[in-house]
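Asker:
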Amino acid sequence: MTSKSDRSSFYTMGVDSGSLTGKAVIIDGNRQIVSHSVKQLGFVSQKAVMMAIDDALEKAGLALEDITYTVSTGYGRKRLEIAGKNLTEISCHAKGANYLYPEVKTVIDIGGQDSKVIAVDPSGNVKNFAMNDKCAAGTGQFLEVLARALDVELTEIGALSLQSDADIKISSMCTTFAESEVISLVAEGHTTVDILSGMHKAISGRMKGLVGRVGMQQPVMMTGGGAKNIGLVKALEKTLGVSIFIPDEPQIIGALGAALFANDFATGIRKKVEEEQDLDKSRVPAKDCASCSVQNFQLNKN
Amino acid sequence: MYQNLSSDEILNKLAQIAADPYERAKEWKMETGSKIIGCYIMHFPEELLHAAGVLPIVLQVKEEPITTGHAYYPAYFCGPTRSIVDQAAKGELDFLDGFVGGDYCIQAVGGAEVVGNLLPKVSNMFFRLPVGNQPWTHGDIVQGLEELKRDIERFADKKISDEDILKSIRIYNKNRCLIREIYELKSVHPSLLTSSDMLSIIKSSMVMPKEEHNEILESLLPKLQSKKETIKEEGVRVFLSGSFCGAPKNEILELVEQSGAVVVGDDLFHGYRYISDNIAEDREPLEAIAAHYIDKNTNVPCPTRCDPKTDWPQYLVDSMRKYKADQLVIVMAQFCEPHMFFYPDIKDAMQEAGIPHLLLEISHELDSIETIKTRLEAFVEMAV
Ligand code: SF4
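Residue numbers (this note's numbering), protein chains in the order written: chain D, 10 to 311; chain L, 255 to 638.
1) Could you work out which residues of chain L lie near F321 of chain D, taking near to mean beta carbons separated by less than 9 Å?
2) With distance defined between alpha-carbon atoms, name the residue in D:I76, D:E98, D:F270 and D:L194 nearest to Q122 of chain D.
3) Name the DSSP bridge partner or partners of E237 of chain L?
4) If you run the structure through DSSP and keep just helix, strand and coil, what is T148 of chain D?
5) So the candidates are L:I290, L:S261, L:S288 and L:A306; which of them puts its Cα closest to the Cα of D418 of chain L?
6) On a CA-only basis, which of L:L475, L:S573 and L:L453 is nearest Y528 of chain L? Give me that one, please.
7) Give the DSSP-derived three-state secondary structure of I212 of chain D in the structure shown.
8) Given that L96 of chain D touches chain L, what residues does it touch there, using C-beta distances under 9 Å?
9) From what residue to what residue does the beta strand (DSSP E) around K48 of chain D run?
10) Should V223 of chain D be flagged as near chain L, meaning a C-beta pair shorter than 9 Å?
11) How is N266 of chain L classed by DSSP in three states: helix, strand or coil?
12) Roughly how many whole angstroms lie between the Cα atoms of E541 of chain L and H392 of chain L?
13) For the ligand SF4, is there any heavy atom lying closer than 8 Å to the beta carbon of M460 of chain L?
14) Counting only Cβ-Cβ distances shorter than 7 Å, please list the residues of the stretch 56–89 of chain D near chain L, keeping chain order.
15) Tell me, please, whether the stretch 55–62 of chain D touches the stretch 224–238 of chain D by the rule of three or more beta-carbon pairs shorter than 8 Å.
16) Would K127 of chain D and I119 of chain D be called neighbours here (beta carbons separated by less than 9 Å)?
17) Counting only beta-carbon separations shorter than 9 Å, does V195 of chain D have a partner in chain L?
18) Verify whether the separation of the beta carbon atoms of V571 of chain L and F409 of chain L is less than 9 Å.
19) Using the three-state DSSP reduction, which class does S300 of chain D fall into: helix, strand or coil?
20) Can you list, in chain order, the residues of its chain whose CB lies under 8 Å from that of Y20 of chain D, leaving out five sequence neighbours each side?
21) Nearest by alpha-carbon distance to E553 of chain L: which of L:F523, L:R537, L:D580 and L:E538 is it?
22) Specify the secondary structure class of P310 of chain L as computed by DSSP and reduced to three states.
23) Secondary structure at Y78 of chain D, three-state DSSP: helix, strand or coil?
24) How is the beta strand (DSSP E) around S105 of chain D delimited, first residue to last?
25) What's the C-alpha gap between S260 of chain L and L475 of chain L?
26) Whole angstroms is fine: what's the gap from M594 of chain L's alpha carbon to N272 of chain D's?
27) DSSP beta-bridge partners for Y20 of chain D?
28) Mind reading off the beta-carbon distance from Y294 of chain L to V354 of chain L? Whole number of angstroms is fine, and I expect it under 8 Å.
29) Nearest-angstrom Cα distance between L447 of chain L and A515 of chain L?
30) Please list the residues of the stretch 111–128 of chain D that have a C-beta atom closer than 7 Å to any C-beta atom in chain L, keeping them in chain order.
31) Taking the beta strand (DSSP E) that I291 of chain L belongs to, which residues open and close that run?
32) Do H304 of chain L and I425 of chain L count as a contact pair if the criterion is CB distance below 9 Å?
33) Under 9 Å, do G27 of chain D and G93 of chain D count as touching if we go by C-beta distance?
34) Does the stretch 237–244 of chain D come within contact of the stretch 218–225 of chain D, defined as at least 3 CB pairs closer than 8 Å?
35) Report the neighbours of T484 of chain L on chain D: residues whose CB is nearer than 7 Å to its CB, in chain order.
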């Protein structure tokens, strides 16, 4: 790593406040990654996010004041006060993936709460996307629940599942029903490795549908925590009939994209949010009607 | 009474009426001692019912979760029908004197049947509205209108003259004209009114006496006219489509605007679809109403009308160009078969025309608002 004085004169940060983890990436003015951090604590944990920010700053030898501009993304993106702008994880994953692999055309992001398929253009813009919008099926949370039911560590399930050559079908993709299906399979005497392999196949089948909605184009990259599960990656490759590129740190791609957007804002490639109006306040005038959902929505947000 | 209020105050008033959609009708009943007929969404000759001296109201979807109604209508049917069945099952529609069902979609037919059974004290009528656009369709619709007229006359114990119908047509035409004027203003100055404001305008029109609504709109229009110059225009221009029978949820509309978009036009039932066309005032009234059902479908095609001469996907492509819209947001009630049936063609038409679109399939229980928010924001970010 270069010393602080060698680097370009300013830094920007991307923060991904995900549903299960907090991630932060700091890049320099030359758009080179200076440091990154991933912290896991619990659901949309602000503490994990702050820990990731502190950790990334410490690794870079920087203080918060050294950061010229910050962009936040992920579920908790609106709650990060230090961010000048917040953008969805869909735009950020596309941008981050394109930075690491400029030829990439399809990004599959399997995160804690949802999964997304993003079609990316050569400049890193989103061309189209699809997102699972009904439940936790095929997400990190789904795997976590089932790993618990099988009494194995989440980090082990990928490698374990690769040992199986059985063909177990898990038909339910509802987390609750799948859990009881897994318990039945255990009761029937199926091994843990075979059940894990069946689980990965089931998720891959589901993802194939999502990929189909966008239209898959190669090369394909996988991001998010799901990409760290080798069993899931292999199952997806088999189901989709393609090889999938996995970055070294798949969980930081959203934060990396956010840091790159922050660089765009800092350098004036994109308009800074201070120059725009606060959309939440300006576009929806509060009504003095106690029973109407306009008011309720605003109360809920606070 | 509305002249002294500001445009925001008038809009608040309409929002209140829309938020508690049956209250104004109940008050009217107390004031006049007359009867109220609930129309089971979506195509009803309100003018004909009005001509009998009753107040027709379009039954509204309530946002509360469906509970009692579960026992009468399955969860895999659309939210609008389930919600109205639920209201009937909970006794919330007992204030009605009459109820008119319709046959424009299989779920609506079933729902109307169930509601009819749940409201034994309420006069239960049916409007047969033949579909298609064949040489005989107009005559068939006239026949359906005559059957309904006969039932309404019996219900109201009043003969309905052509003059009565024409008088009602004039009042309803005026309402449509006034709302269309507001639409015109909004298409040029999209930020003048939020889409929730537009929803309040249409929804309140559906549930209160049209004469009173006209009066309110006549006060509102000049105020909007004078306000328009002060409005700063910004945002990605979005056209909203779909949402049959039930009003799109306010939360969804607000999310569209909070994502950085402005709504420049729509074809919602609780929107432009409701007021797109007037009924001719120079024809025999039932014939004019029948022609209106065919004509308004040419203006804003409705999949439930099965009209082979209209092309909804092409209408949407044309509307996008007409309103200079950047993106199309489709709001689909979950399990709405007529809408689902058309979506693949809409998707193809949009892809061919290079128009980005986002489909939001909305369940009545609105189970994933966060995901909808992310999808809407990401969609709008695509255009920035
Ligand atoms: S048109 Fe759609 S929303 Fe309306 S009743 Fe039929 S299925 Fe339900």
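Even glycine gets a Cβ: it sits at the ideal position worked out from N, Cα and C.
These numbers were taken from a predicted model, which means no experiment stands behind them.
Answerer: According to the structure data:
1) The shown model of chain D, from 10 to 311, leaves out residue 321 of chain D, and the question about it has no answer.
2) Against the first sequence, residue 122 of chain D aligns to sequence position 113. Cα-wise, what sits closest to Q122 of chain D is D:E98.
3) An answer regarding residue 237 of chain L cannot be provided, because it is not within the stretch 255 to 638 covered by chain L.
4) Position 139 of the first sequence holds residue 148 of chain D. Per DSSP, reduced to three states, the secondary structure at T148 of chain D is coil, with no helix or strand assignment.
5) Your numbering for residue 418 of chain L matches position 164 in the second sequence. Considering only L:I290, L:S261, L:S288 and L:A306, the residue with the shortest C-alpha distance to D418 of chain L is L:A306.
6) Taking the second sequence and counting its residues from 1, one reaches residue 528 of chain L at position 274. For Y528 of chain L, the closest of L:L475, L:S573 and L:L453 by C-alpha to C-alpha distance is L:L453.
7) Numbered from 1 along the first sequence, position 203 holds the residue referred to as residue 212 of chain D. Residue state, collapsed to three classes: helix.
8) As a working mapping, residue 96 of chain D is identified with position 87 in the first sequence. Neighbours of L96 of chain D on chain L, chain order: E631, A632 and E635.
9) Counting from one through the first sequence, the residue named residue 48 of chain D turns up at place 39. Start and end: I42 to Q49.
10) Translated into positions along the first sequence, residue 223 of chain D becomes position 214. For V223 of chain D, the answer is no, since every Cβ of chain L falls outside 9 Å of its Cβ.
11) Looking up residue 266 of chain L in the second sequence gives position 12. If DSSP states are grouped into helix, strand and coil, N266 of chain L belongs with the helices.
12) To locate residue 541 of chain L, count along the second sequence from 1; it is residue 287. To locate residue 392 of chain L, count along the second sequence from 1; it is residue 138. Each residue's Cα considered, the two are about 8 Å apart.
13) By 1-based counting over the second sequence, the position of residue 460 of chain L is 206. Outside the cutoff, so no.
14) Result list: Y84.
15) Counting C-beta pairs with one atom in each stretch, the stretch 55–62 of chain D and the stretch 224–238 of chain D have fewer than three that are closer than 8 Å, which means they do not touch.
16) Position 118 of the first sequence, counted from the first residue, corresponds to residue 127 of chain D. Position 110 of the first sequence, counted from the first residue, corresponds to residue 119 of chain D. As written in the sequence, residue 127 of chain D is Ile, which differs from the Lys given in the question. The answer is no: Cβ separation not under 9 Å.
17) On the first sequence, residue 195 of chain D is found 186 positions in, with the first residue counted as 1. So no, V195 of chain D is outside the interface.
18) Within the second sequence, numbered from 1, the residue matching residue 571 of chain L stands at position 317. Within the second sequence, numbered from 1, the residue matching residue 409 of chain L stands at position 155. Not closer than 9 Å, so no.
19) The residue you call residue 300 of chain D lines up with position 291 of the first sequence. Bear in mind that the predicted position of S300 of chain D carries a pLDDT of just 28, short of 50, making it unreliable; the figure below should be weighed with that in mind. Residue state, collapsed to three classes: coil.
20) Residue 20 of chain D sits at position 11 when you count from the first residue of the first sequence. Apart from the 5 residues on each side of it in sequence, Y20 of chain D sits with its Cβ closer than 8 Å to the Cβ of I35, I36, D37, G38, V43, A69, L71, D75, I76 and T77 in its chain, given in chain order.
21) Position 299 of the second sequence holds residue 553 of chain L. Residue identity check: residue 553 of chain L is Asn in the sequence provided, not Glu. Taking the Cα of N553 of chain L as reference, the smallest distance to any Cα among L:F523, L:R537, L:D580 and L:E538 is reached at L:F523.
22) Taking the second sequence and counting its residues from 1, one reaches residue 310 of chain L at position 56. Judged by DSSP in its simplified three-state form, P310 of chain L adopts strand.
23) Sequence index remark: in the first sequence, residue 78 of chain D carries index 69 (1-based). Correct three-state label for Y78 of chain D: strand.
24) Along the first sequence, read from residue 1 onward, the residue named residue 105 of chain D stands at position 96. Residue 105 of chain D is actually Gly in this sequence, not Ser. Per DSSP, G105 of chain D belongs to no beta strand (DSSP E); it is in the alpha helix (DSSP H), E98 to L109.
25) For this step, residue 260 of chain L is matched to residue 6 along the second sequence. For this step, residue 475 of chain L is matched to residue 221 along the second sequence. Pairing S260 of chain L with L475 of chain L, the inter-Cα distance amounts to about 11 Å.
26) Residue numbering aside, residue 594 of chain L sits at position 340 when the second sequence is read from its first letter. Residue numbering aside, residue 272 of chain D sits at position 263 when the first sequence is read from its first letter. Using only the alpha carbons, I get a separation of about 42 Å.
27) Against the first sequence, residue 20 of chain D aligns to sequence position 11. Bridge pairing for Y20 of chain D: D:D37 and D:I76 [DSSP].
28) Residue 294 of chain L sits at position 40 when you count from the first residue of the second sequence. Residue 354 of chain L sits at position 100 when you count from the first residue of the second sequence. Their Cβ separation, rounded to whole angstroms, is 6 Å, which keeps Y294 of chain L and V354 of chain L in contact under 8 Å.
29) By 1-based counting over the second sequence, the position of residue 447 of chain L is 193. By 1-based counting over the second sequence, the position of residue 515 of chain L is 261. Those two C-alpha atoms are separated by around 13 Å.
30) Correct list: D123.
31) For the purposes of this step, residue 291 of chain L is taken as the residue at position 37 of the second sequence. The continuous beta strand (DSSP E) containing I291 of chain L extends over residues I290 to C293.
32) Within the second sequence, numbered from 1, the residue matching residue 425 of chain L stands at position 171. Within the second sequence, numbered from 1, the residue matching residue 304 of chain L stands at position 50. With respect to the 9 Å criterion, I425 of chain L and H304 of chain L are classified as neighbours on the basis of their beta carbons.
33) As a working mapping, residue 27 of chain D is identified with position 18 in the first sequence. As a working mapping, residue 93 of chain D is identified with position 84 in the first sequence. Taking 9 Å as the Cβ cut-off, G27 of chain D and G93 of chain D do not qualify as a contacting pair.
34) No: fewer than three Cβ pairs fall under 8 Å.
35) Position 230 of the second sequence holds residue 484 of chain L. Neighbours of T484 of chain L on chain D: none; closest Cβ ~13 Å, over 7 Å.
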